[in-house]
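Q: The structure that follows is given in the form of structure tokens.
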Amino acid sequence: MILYLGAVIQKLKQFVYGQSRLRWVIGFMVLVYVVLVGALAQAWYADQMVQPFHFFNDWPEWKQLDKLAHAAWSFHVCAVAWRLLRWGRLKQALPLGTITGFFIVSSIEIMDGFSIGYGASLFDLLANAMGATLFFAQIKWWSHIKIFPKYSFHPTSFAVLRPSLLGDGFLQEALKDYNGQTLWYSWTPEKKWWPSFLSIAIGFGAEGMIYGRDSENAAHGYSPYRKFYLSLDLNPNYFNSLKSGWRTLLFPLTIVKCPAPAIEVSTHGVRFHWIYF
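The sequence shown begins at 1086 in my numbering and counts up one residue at a time.
Here's what the structure looks like:
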């Protein structure tokens, strides 16, 4: 990946207004990438044995929540790469930021491919591409983001039953325990009667998963099921008129869903949450 970024730097010279700022941007991106990969390697792969590179079919796992997470992760990495390259005065910031974001996220499949507990996944790559495409299309057609993929998490009682897979402690569980994760798509209706600071959010979740596949869970007495949510959220675009310091402070609102009342629908019925996160 670092070699890829180095090649990108050379090719970008013909597109750039000023090289100095871009060098800072690329250097920062490489540094963040190395730190993130190191953190993921420690949190996710530290206890995994290494084997020859291989692929495997993980589509039946985790009720496909991991695919939604891949798409959201890819979307936001592309968005950050685009903003940084645009700040670096790169003329082709949108396509190159999107490509760079996709490659950064997809390079994680290399670690998966060498892990005995996982394997590189074509479905993960497709999800990454979908997230990158959703970002690129919105900026290309609307010049700004209208539909925000978002994330929320609450601790569950499932992680303690299998901490090696679902995480041990809040930070690991927030990354690994899909029972407590909800993936959202948040957008604001452009209607005069609709409050411009509010968004409507549709969420996707699942519960009852100690293992990735339904057959494994059933063999141990668990019955995983999907959950769907309807909720309200804060519209990140509403704060674009604020000063840069406030926008930076509120940047997490583009990624994390705000706690709010929510309606949950599943095979277990309909449930109302006064506050859901």
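Using N, Cα and C, we set each Cβ at its ideal position, and we do this for glycine too.
Please list the terminal residues of the continuous alpha helix (DSSP H) segment that includes leucine 1335.
A: Looking at the DSSP string, leucine 1335 is not in any alpha helix (DSSP H), and its letter there is neither H nor E.
Q: Tyrosine 1270 and proline 1234 - do their beta-carbons sit closer together than 8 Å?
A: Against a cut-off of 8 Å, the Cβ pair of tyrosine 1270 and proline 1234 comes out as a contact.
Q: Beta strand (DSSP E) containing lysine 1312: first to last residue?
A: 1310 to 1319 is the span of the beta strand (DSSP E), which, as asked, contains lysine 1312.
Q: Leaving out the 5 sequence neighbours to the left and right, which residues in its chain are closer than 6 Å to isoleucine 1360 when beta-carbon positions are compared?
A: The residues are Pro1344.
Q: Buried or exposed for alanine 1124, going by 16 or more other Cβ atoms inside 10 Å?
A: Exposed: under 16 other Cβ atoms inside 10 Å.
Q: Note the first and the last residue of the continuous alpha helix (DSSP H) segment covering tryptophan 1227.
A: Per DSSP, tryptophan 1227 belongs to the alpha helix (DSSP H) from 1207 to 1227.
Q: Run through the DSSP bridge pairs and tell me what phenylalanine 1282 is partnered with.
A: Looking at the DSSP assignment, phenylalanine 1282 forms no beta bridge with any residue, so it has no partner.
Q: By Cβ distance below 7 Å, which residues in the same chain neighbour glycine 1182 in space, the five residues on each side in sequence not counted?
A: Excluding sequence neighbours, glycine 1182 sits near Cys1163, Ala1166, Trp1167 and Leu1170.
Q: What do you get for phenylalanine 1221, buried or exposed, if any count of 16 or more other CB atoms within 10 angstroms of its CB means buried?
A: By the 10 Å Cβ count, phenylalanine 1221 comes out buried.
Q: For a test of the three-state rule: what should DSSP assign to threonine 1183, helix, strand or coil?
A: Reduced to three states, the DSSP call for threonine 1183 is helix.
Q: Does the count of Cβ pairs from the stretch 1305 to 1322 and the stretch 1274 to 1292 closer than 8 Å reach three?
A: A contact exists between the stretch 1305 to 1322 and the stretch 1274 to 1292.
Q: Classify aspartate 1209 as buried or exposed, calling it buried when 16 or more other Cβ atoms lie within 10 Å of its own Cβ.
A: Classification for aspartate 1209: buried.
Q: Under the rule that 16 or more other beta-carbon atoms within 10 Å means buried, what is valine 1110, buried or exposed?
A: Under this definition valine 1110 is a buried residue.
Q: With DSSP as the reference, label tyrosine 1118 as helix, strand or coil.
A: Reduced to three states, the DSSP call for tyrosine 1118 is helix.
Q: Between leucine 1334 and lysine 1342, what straight-line distance do the alpha-carbon atoms span, to the nearest angstrom?
A: Roughly 15 Å between the two C-alpha positions.
Q: Which of helix, strand or coil does DSSP assign to histidine 1353?
A: In the structure shown, histidine 1353 sits in coil (DSSP, three-state: anything other than H, G, I, E or B).
Q: At which residues does the alpha helix (DSSP H) containing lysine 1261 begin and terminate?
A: Here the alpha helix (DSSP H) through lysine 1261 covers 1255 to 1261.
Q: Should asparagine 1322 and threonine 1352 be called a contact, given that it needs their Cβ atoms to be closer than 8 Å?
A: No; because the gap between Cβ atoms is not below 8 Å, this pair is not in contact.
Q: Histidine 1139 by DSSP, collapsed to three states: which one?
A: In this structure, histidine 1139 counts as coil in the three-state DSSP scheme.
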